[in-house]
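Here you go:
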């Protein structure tokens, strides 16, 4: 039987399985039985999909419907292809049932671990994860044979005895806990944040690392790294091994807090990047420069990659949390091959990843109204979407301008120069009336404009390339936030659902308070990351714009100097008007 319902709150869909509903909107609910806290129905626009059961109320029964129960929407096979909410990647589920992500070793352990330099150099542009391996957005594809699982590479979070759960007592008495999301492919589930919010993440006996959040003038912020440092990326050098059979490019990294430089290949950066994605659930990890299938040893590509690795490193060292990560410090400082392998394995066996990483936070004691936090997150969501669109627009315009500099502008100035040269040659055709000085000046003017055309072709290396590098970095950072914001939205939904259950007497208040308390942890972390993003944005874009304008001024000054020199050769001097 289809039922009539009404939306109690606004809900914005995060993926194609869900639909938007607005407060007060009349809905058609296909079944009053919710699955994992979700209902399936139809909104007033005729869209069919899922929405949280706690966001609606049933008004009255309707007419019968031929729609299938929403439980059918969760059916699937381990080999099915699913759409993940990372907007830049699609991961495939493993084809073997039961061979999902609940393994205790990272994928690198199966590779050529005996020789650090023999890993695949990452020549392909897009890589698909192995069965049960990490997805392209840093989370793990879900093994459908284990629908209640949540991801962690090194910790198989099997259901724990009741006494080991953070809020087990109330749930054991009541037998009613907040439902799990029906969409097991959402970032909220795959990241493990849902499990953290519901109290299902086992507490560690000893937590060796902690990251503090403090209240600043603009709200929560990461506590600064007590030992700040920087790191240069220099001297990309082509190296060979196996008597020249294999070639690669190494980069010299020199941290300011280490005594000696280290040399790393791109695949070493790639390994570190994947560890960062796996560990830091609620942090926008800067994307590495893109991979390239061919032309990896061309000079322009090597220079472009170096510039972008410099920006990546600058963002890593300036981040109060990422810069303190033990795996990053090991990457920057280890010189001994044996010690490197030990540190590499230690990083891959790190237990404080995903949901467990949230246990490392120390948050302020100041009270924050969750509705105020949600409003702040909504504002940042709208801002980041607008900025993402604007960055894409500027990137498109800048890239087109580069093409014009290299192609169109140079050709036009060459044409102009050739036309002046033709005039000079024509004036020489009748010697008695030919002026050698004038002909020479006109000919020199033609050569000057050919030179100006070459100057235009070379200029993007001094300004537009740097603009495009910065915009590329921010495109990556901004693309991370929809997933991170989705984590907070999921946490908010659980808080509302738990409070409703508590008000109805179906959940102990202390259990609802526990969910609210853990939601505060996620909220403080997201706000701290938003704060850090804005601080870096102001610095980066100020530097980018100042550098671009300075280079533009220098460029047109050099063009003016060329023209003034040509004018003097014609026997004239510039006059003020």
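Numbering (this note's numbering), first residue to last: 136 to 712.
C-beta atoms are modelled at their ideal positions from N, C-alpha and C, and glycine is treated no differently.
Relative to residue 704, the option among 603, 578, 173, 621 whose CA is nearest is 578.
Contact between residue 626 and residue 348 is ruled out by a C-beta separation of about 16 Å, above the 8 Å threshold. Assignment of residue 430 by DSSP, reduced to helix, strand and coil, places it in the coil class. The continuous stretches of beta strand (DSSP E) do not include residue 594, and DSSP gives it neither H nor E. A direct Cα-Cα distance of roughly 10 Å separates residue 495 from residue 488. Between residue 615 and residue 356, the beta carbon gap of about 18 Å keeps them out of contact (Cβ cut-off 8 Å).
In the structure shown, the three-state DSSP call for residue 376 is strand. Per DSSP, the continuous beta strand (DSSP E) segment holding residue 186 begins and ends at 183 to 187.
For residue 344, same chain residues with a beta-carbon under 7 Å away, outside a window of 5 residues either side, are 487, 495 in chain order.
In the DSSP annotation of this structure, the continuous segment of the beta strand (DSSP E) that includes residue 141 starts and ends at 138 to 142. Between residue 377 and residue 384, the alpha-carbon positions lie close to 15 Å from each other.
The beta carbon of residue 468 is closer than 6 Å to those of 393 in its chain, skipping five residues each way along the sequence.
At the C-beta level, residue 164 and residue 174 come within 8 Å of one another.
In its chain, beyond the 5 residues on either side, 387 have a beta carbon closer than 6 Å to the beta carbon of residue 369.
Taking each of 642, 610, 568, 350 in turn and checking the Cα distance to residue 502, the smallest one comes out for 350. For residue 175, the three-state secondary structure derived from DSSP is strand.
With fewer than 16 other Cβ atoms from the protein chains shown falling within 10 Å of its own Cβ, residue 531 counts as exposed. Taking a cut-off of 8 Å on C-beta distances, the stretch 571 to 585 does not touch the stretch 601 to 613, as fewer than three cross pairs fall below it. DSSP places residue 509 in the uninterrupted alpha helix (DSSP H) bounded by 505 to 538.
Within the stretch 538 to 621, no beta strand (DSSP E) run of at least 3 residues lies entirely inside it.
For the set 162, 382, 397, 380, the Cα lying nearest the Cα of residue 367 is the one of 397.
Look at residue 468 here: in three-state DSSP terms it is helix.
With a beta-carbon spacing of about 19 Å, residue 543 and residue 581 fall beyond the 8 Å limit used to define contacts.
Spanning the alpha carbons of residue 411 and residue 341 requires a straight line of approximately 22 Å.
Sequence-distant Cβ neighbours of residue 635 in its own chain, meaning closer than 8 Å and more than five residues away, are 189. Look at residue 346 here: in three-state DSSP terms it is strand. Residue range 381 to 390 is occupied by the beta strand (DSSP E) that includes residue 384. For residue 182, the closest of 167, 648, 153 by C-alpha to C-alpha distance is 153. Contact between residue 545 and residue 591 holds: their C-beta atoms lie close to 6 Å from each other, under 8 Å.
Spanning the alpha carbons of residue 660 and residue 191 requires a straight line of approximately 29 Å. Counting every other CB atom within 10 Å of its CB across the protein chains shown gives residue 647 a total of 16 or more, marking it as buried. For residue 146, the secondary structure class from DSSP, reduced to helix, strand or coil, is strand. Cβ-Cβ separation between residue 613 and residue 680: approximately 18 Å, too far for a contact (criterion under 8 Å). For residue 163, the enclosing beta strand (DSSP E) starts and ends at 161 to 164. Scanning its chain for C-beta atoms nearer than 8 Å, with the 5 sequence neighbours on each side dropped, one finds around residue 499 the residues 348, 349, 350, 355, 659, in chain order.
Taking C-beta atoms as the reference points, residue 413 and residue 611 fail to come closer than 8 Å.
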